[in-house]
Amino acid sequence: MPSNIGPVRRTAARRRAAVAALTVFVLPLTACGSLLGQSPAGDDGADGPITLTVATFNNFGYTDELLARYTEENPNVTVEHVVAPTSDEARLQMLKAFTTGDGSELADVVAAEVDWMPELMEHSDLFEDLTDPEVTKRWVDWKVAQATTPDGKLLGYGTDIGPEAICYRSDLFEAAGLPTDREAVAQLLGGKNATWERYFEVGRQFTAQSDAAWFDGTTGTFQGMVNQLPAAFEDPATRLPTELAINNEVRAIYDQITGAVSDGLSAGLEQWTPEWTAGFQNNAFATMLCPGWMMGPIESYSPGVQGWDVANVFPGGGGNWGGSFLAVPSAGAYRDEAKKLAAWLTAPEQQTAAFTEAGAFPSQLEAQGSEAVQGYVNPFFNNAPVGKIFTERAQSIDGAPYKGPYYFAIRDEVNNALAAVDAGSNSPEIAWNQAVQTTKDIRIKQ
Numbered sequence: 004m005p006s007n008i009g010p011v012r013r014t015a016a017r018r019r020a021a022v023a024a025l026t027v028f029v030l031p032l033t034a035c036g037s038l039l040g041q042s043p044a045g046d047d048g049a050d051g052p053i054t055l056t057v058a059t060f061n062n063f064g065y066t067d068e069l070l071a072r073y074t075e076e077n078p079n080v081t082v083e084h085v086v087a088p089t090s091d092e093a094r095l096q097m098l099k100a101f102t103t104g105d106g107s108e109l110a111d112v113v114a115a116e117v118d119w120m121p122e123l124m125e126h127s128d129l130f131e132d133l134t135d136p137e138v139t140k141r142w143v144d145w146k147v148a149q150a151t152t153p154d155g156k157l158l159g160y161g162t163d164i165g166p167e168a169i170c171y172r173s174d175l176f177e178a179a180g181l182p183t184d185r186e187a188v189a190q191l192l193g194g195k196n197a198t199w200e201r202y203f204e205v206g207r208q209f210t211a212q213s214d215a216a217w218f219d220g221t222t223g224t225f226q227g228m229v230n231q232l233p234a235a236f237e238d239p240a241t242r243l244p245t246e247l248a249i250n251n252e253v254r255a256i257y258d259q260i261t262g263a264v265s266d267g268l269s270a271g272l273e274q275w276t277p278e279w280t281a282g283f284q285n286n287a288f289a290t291m292l293c294p295g296w297m298m299g300p301i302e303s304y305s306p307g308v309q310g311w312d313v314a315n316v317f318p319g320g321g322g323n324w325g326g327s328f329l330a331v332p333s334a335g336a337y338r339d340e341a342k343k344l345a346a347w348l349t350a351p352e353q354q355t356a357a358f359t360e361a362g363a364f365p366s367q368l369e370a371q372g373s374e375a376v377q378g379y380v381n382p383f384f385n386n387a388p389v390g391k392i393f394t395e396r397a398q399s400i401d402g403a404p405y406k407g408p409y410y411f412a413i414r415d416e417v418n419n420a421l422a423a424v425d426a427g428s429n430s431p432e433i434a435w436n437q438a439v440q441t442t443k444d445i446r447i448k449q
């Protein structure tokens, strides 16, 4: 799925200890042991029984029943599913394989989140080219482009995408005197003309009448906003980073979010932390940016909480947050079989099953139009017709932003600055200047 759930952010202590010179791919790896059970060495395409490992993170919607069905259709293949708790841990495992060898530590099929797909591009020789006329036109075009190298190699088959809506607590809205019906909420936020200015303006109306914050925290909100920029941190022509000090588009988003913090709209919670998960139970916030895959975490962290709903609206137009791919390392023992498995897992039937299981909205066009997706309602979210809602949100996405090899590292430093402001440990200007300084010497490890 879901792509997913973004990485756990660094603690304030680690942020303070961050060095000024960053090197993409050089990361703390000592705590990340091998998570994967690699298939035994042998000739690719072996006729006898084989085991293929699939490494994902969070919840992709790949149930034991789903994987058992593959074995029913392919009796010589047993599929082992290895799940990392977070996308950050999965990324560290993959980068460790890049920096220590030929990728032989990786599973036969590995999931990669869209924001670190550019890092895979720097090691494209370690992955199979998945170009195949049998799957041409299977996915939305911009999804394919995200996994295609400059020389035309397809590194990954698309799993989900993350079209964004707004999830909200209708009970907290009612208590604050705001509309609760999802169509009325969409219009309250501006409908088809929704803007970030309007989103934060309604937030000020809400917090004036409620003890809850308007949104959960800065980093998730920043992610939704920055994803609407065509090229947030790098120049697509040169593939070099844009100096943060003169990056006016990103600075404008930063100022808007930190201004919302000053107005008391943020609950000050970093996503994926224990404090954030507790916030769902404590009525800490009323809204959050909501790609389809976020429905799963919201529900899992909100047992006994009633009132969550989904509004078919998103400030600034369309937006995509997350989405993943399945790649096949070239060091695998059974590459042809691994390609077949990756193709099967991203076929329309399996993508439909993943959506109804975990909210992973399909990147596969046929799956998007299926009756199962279009007719799907989510009981936890007040029976919201989420299949139709996220289909409409997906149709509002106008292509994919450029994300090059520097994207993840620069974005992480801006997130650190925002988190520091959210926690009250730095002023917006000091935190921004620290991010500017830290990203000055960012470079690619050759």
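The opening position of the sequence shown corresponds to residue 4 in my numbering, with each subsequent residue numbered one higher. Don't be surprised by glycine CBs; every beta carbon is placed ideally from N, CA and C. Just so you know, these numbers come straight off a predicted model, no measurement behind them.
Three-state secondary structure assigned by DSSP to residue i
i    : result
P182 : coil
Y379 : coil
P277 : helix
D444 : coil
S399 : coil
Y410 : helix
Y405 : coil
A255 : helix
A211 : coil
A387 : strand
C35  : With a pLDDT of only 33 at C35, under the threshold of 50, the placement of this residue in the model should not be trusted, and no figure is reported.
Q190 : helix
L232 : coil
T198 : coil
Contact under 9 Å by Cβ, residue i with residue j
i    : j    : result
I164 : G326 : yes
I392 : A168 : yes
G390 : A375 : yes
F384 : M298 : yes
A426 : G271 : yes
A336 : D118 : no
G322 : P166 : yes
Q367 : T349 : yes
Y409 : F225 : no
T59  : A114 : yes
G159 : L329 : yes
C170 : A287 : no
T54  : E83  : yes
A423 : Q440 : no
Q259 : G220 : no
A178 : S213 : yes
A403 : W142 : no
A215 : A281 : no
Which residues DSSP lists as bridging residue i, in chain order
i    : result
I164 : G326, F364
V113 : A58, A330
A216 : F288
S428 : For S428, which the question treats as bridged, DSSP gives no partner whatsoever.
D238 : L243
S269 : F218
I249 : DSSP, once it has assigned bridges, lists no residue as partnering I249.
P294 : E167
R172 : W311
Buried versus exposed, by CB contacts within 10 Å (16 or more), residue i
i    : result
S173 : buried
E204 : exposed
G93  : Correcting the residue identity first, residue 93 is Ala in this sequence and not Gly. Classification for A93: buried.
G161 : buried
P233 : exposed
S303 : exposed
P306 : exposed
P294 : buried
E116 : buried
S265 : exposed
G407 : buried
A187 : exposed
Q398 : exposed
I249 : exposed
T198 : exposed
V380 : exposed
Q284 : exposed
G104 : exposed
Q309 : exposed
Q377 : exposed
Proximity test, residue i beta-carbon vs the ligand FMN heavy atom, cut-off 8 Å
i    : result
T102 : With respect to the ligand FMN, the structure shown offers nothing to examine, as it has no ligands at all.
Notebook entry, point to check: Going along the chain, which unbroken runs of the beta strand (DSSP E) with 3 or more residues stay wholly within the stretch 299-373?
Noted result: As far as the stretch 299-373 is concerned, its whole beta strand (DSSP E) runs of at least 3 residues are 311-314, 323-330.
Notebook entry, point to check: Along the chain, which unbroken stretches of the beta strand (DSSP E) at least 3 residues long are found entirely within the stretch 42-108?
Noted result: Taken in chain order, the whole beta strand (DSSP E) runs of length 3 or more contained in the stretch 42-108 are 53-60, 80-87.
Next item on the list: Please specify which runs of the beta strand (DSSP E), each continuous and at least 3 residues long, are wholly inside the stretch 110-159, giving them in chain order.
Entry: For the stretch 110-159, the continuous beta strand (DSSP E) assignments of 3+ residues that do not extend past its boundaries occur at 112-116, in sequence order.
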